[in-house]
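A.B. asks: One structure follows; several queries about it will come next.
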Amino acid sequence: MPHTLVTPIQMGQILKTARKTSQLSQTKLASRVGLSQSRISAFEQQPENIGLGQLLSVLNVLGLELTIQPRQNTAPQAQLARDSDAPEW
């Protein structure tokens, strides 16, 4: 099920829910990712401190992926402002 994140706390909640759904303890997840249990706990409680590489590793073990896409239902003026600043991919 897709999730739209607006705050870092939401990422922590998603990670915790996915870990529990996978029936993994923080210790077991940490072992699979190569991190400490305290680091996994910190991810769940203070997700704003997650490094991108570590986040992707945790998501991979949990069978999740990160997708970035344009916002839905964006006001035209706001979209134009973003488009002018957006990198050309």
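With our numbering applied, the sequence shown closes on residue 158, and no number is skipped along the way. Every residue, glycine too, gets a C-beta built ideally from N, C-alpha and C.
Sorted by chain position, which residues of the same chain lie with C-beta nearer than 8 angstroms to Arg108's C-beta, five sequence neighbours on each side aside?
C.D. replies: Here the set comprises Ala99 and Gln123.
A.B. asks: Can you tell me whether Arg140 is buried or exposed, with buried defined as 16 or more other CB within 10 angstroms of its CB?
C.D. replies: So Arg140 counts as exposed.
A.B. asks: Select from Leu133, Pro77, Leu135 and Thr86 the residue whose C-alpha is nearest the C-alpha of Gln115.
C.D. replies: The shortest C-alpha separation from Gln115 is found at Pro77.
A.B. asks: How would you call Glu134, buried or exposed, if buried means at least 16 neighbouring beta carbons within 10 angstroms?
C.D. replies: Counting Cβ neighbours within 10 Å, Glu134 comes out exposed, since fewer than 16 surround it.
A.B. asks: Could you have a look at Arg108 and say whether DSSP puts it in helix, strand or coil?
C.D. replies: Of the three classes helix, strand and coil, the one that applies to Arg108 here is helix, per DSSP.
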